[in-house]
Structures are given as structure tokens and as C-alpha cells.
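Residue numbers (this note's numbering): 100 to 318.
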């Protein structure tokens, strides 16, 4: 019997963005093209829904994504190894796996992803289904992680500022964003104008690259 592939699974493997990222030529073209984020957000939202219906982003567990996750974990542990980590857009909690922390709270608006993540809950680890844009935790976080989530937010700058204003003393917001697009570079410049940039690292994996930037509120 031949392998049967569900419609949602086929779509998830062939999402528009996933296909583009596999092509070195397409990546180079996108890096130079001045395409505003609002023009591609509907495509990103559609692809996100397909990924969630398939397996809640299981493909992020390996391949080119490993270097990015390692960099985000390392940055998080530098500032909150024994503290409270708030992970916005956590999906099924891949970042949490292998991360050292005092307390971890993952937030995502996809019920399927959170249902998968909750098997890992314990006294130090929780997951909640909620909108991370204006989420407020029950205590100030030492680190808020926004790992590849800002693209999907209606107003990413305001969302990052929202979380930066609610940090614990000395706390940071860690933003991971795909580096090789025009709108990503604009977002990073805008964030740098509003927040204090503590550190920024470029993570390369093959023909792909991400910026992992750490911010604090200027107040």
C-alpha cells in the first residue's frame, strides 16, 4: 500500500515560506527586496495555521534550526538561569527542553500546541493558551523570550515594548528574528531606537541566518 499523506500534512510541508527558505537563490532575493512586513503577514499567518494543524512545528526540532535554538537558550541562561523565563509564542515548548531556569511559563495562542506542551508541566514549568501580545504574568520575568514570533504580531514593536516594561529588575527581552529580510532589519533598527540593546549575535546555519538580540527598557 502506498503512503497516504493528509491534506494538512502536505500543505504544512509545502508552506510558501518553508519552500522559500530551502532555496538559496530565493533567500538572497528576499534579503535585498524591500518588502514591508504587512504585505507578507497574511502569508505567514496562513503558513502558521497549517504548521499548527499538522504537528505544531515539530520540524523545528532539528536541521537548520538547532543552532538558533542553542543561541536563544544560551542567551536566556546568561540572564535568567535561576530566574523566571516567560516564553512568548512557545508553541509546544521546544525552547524549554534543555533550558536551565528557576521557573518557566510558556504562552501560545494555539490550543493544540499547548496541549502537547502540558505533558512537561511540573512545579517549575507551566504552559498556558493565551495571546502573548499583551500577556501579563503573575510576577515580573527575568527574561522574556520572543523566539521567531514577532512576524505574526499586528504591532511587533509595541508588543516587545509591552514586555520590556514589565521585566524584573535587570531583566531582558530576547528577540530571535530571521536576519535576511528587509523588514527584519527595519524591525531591529526600530527596537534599537526604543530599547537599550544589550547584545546582538548573528547565527548562521547554511544559507540561513538569524539575529538573536537582547534588550532592556531604557526607563
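Beta carbons are placed, not taken as given, at the ideal position from N, Cα and C, and that holds for glycine.
Query                                                                                                                                                                              : Result
Please determine, among 162, 144, 138, the residue with the shortest C-alpha to C-alpha distance to residue 208.                                                                   : 144
Expressed to the nearest angstrom, what Euclidean distance is found between the alpha-carbon atoms of residue 247 and residue 256?                                                 : 14 Å
Using DSSP with H/G/I as helix, E/B as strand and the rest coil, what is residue 110?                                                                                              : Note that residue 110 scores 39 on pLDDT, short of 50, meaning its location in the model is unreliable and no value can be drawn from it.
What number of angstroms, rounded off, separates the C-alpha of residue 193 from the C-alpha of residue 278?                                                                       : 21 Å
Determine the extent of the beta strand (DSSP E) in which residue 224 is found, giving its start and end residues.                                                                 : 224-228
Answer yes or no: do residue 309 and residue 283 have a C-beta to C-beta separation smaller than 7 Å?                                                                              : no
Please report the Cβ distance between residue 265 and residue 295, rounded to the nearest whole angstrom; I am assuming they are in contact, meaning their Cβ atoms lie under 8 Å. : 15 Å between Cβ atoms; not a contact.
Check each candidate in 165, 220, 315, 281 and name the one with the smallest Cα separation from residue 136.                                                                      : 281
Nearest-angstrom Cα distance between residue 303 and residue 235?                                                                                                                  : 33 Å
Entirely within the stretch 170-230 and at least 3 residues each: give me those beta strand (DSSP E) ranges in chain order.                                                        : 183-187, 202-207, 224-228
Please classify residue 272: does DSSP put it in a helix, a strand, or coil?                                                                                                       : strand
Going by Cα to Cα distance, which pick from 228, 311, 167 is closest to residue 291?                                                                                               : 311
Is the separation between the beta-carbon of residue 163 and that of residue 270 shorter than 7 Å?                                                                                 : no
From what residue to what residue does the alpha helix (DSSP H) around residue 287 run?                                                                                            : 281-293
Which residues bound the alpha helix (DSSP H) around residue 312?                                                                                                                  : Careful: residue 312 lies outside any alpha helix (DSSP H), inside the beta strand (DSSP E) at 307-315.
Check residue 236 in the structure and name its three-state DSSP category.                                                                                                         : coil
Got a sec, what are the start and stop residues for the alpha helix (DSSP H) residue 267 sits in?                                                                                  : No alpha helix (DSSP H) holds residue 267; DSSP gives it neither H nor E.
Are there three or more Cβ pairs, one per stretch, closer than 8 Å when the stretch 212-222 is compared with the stretch 162-178?                                                  : no
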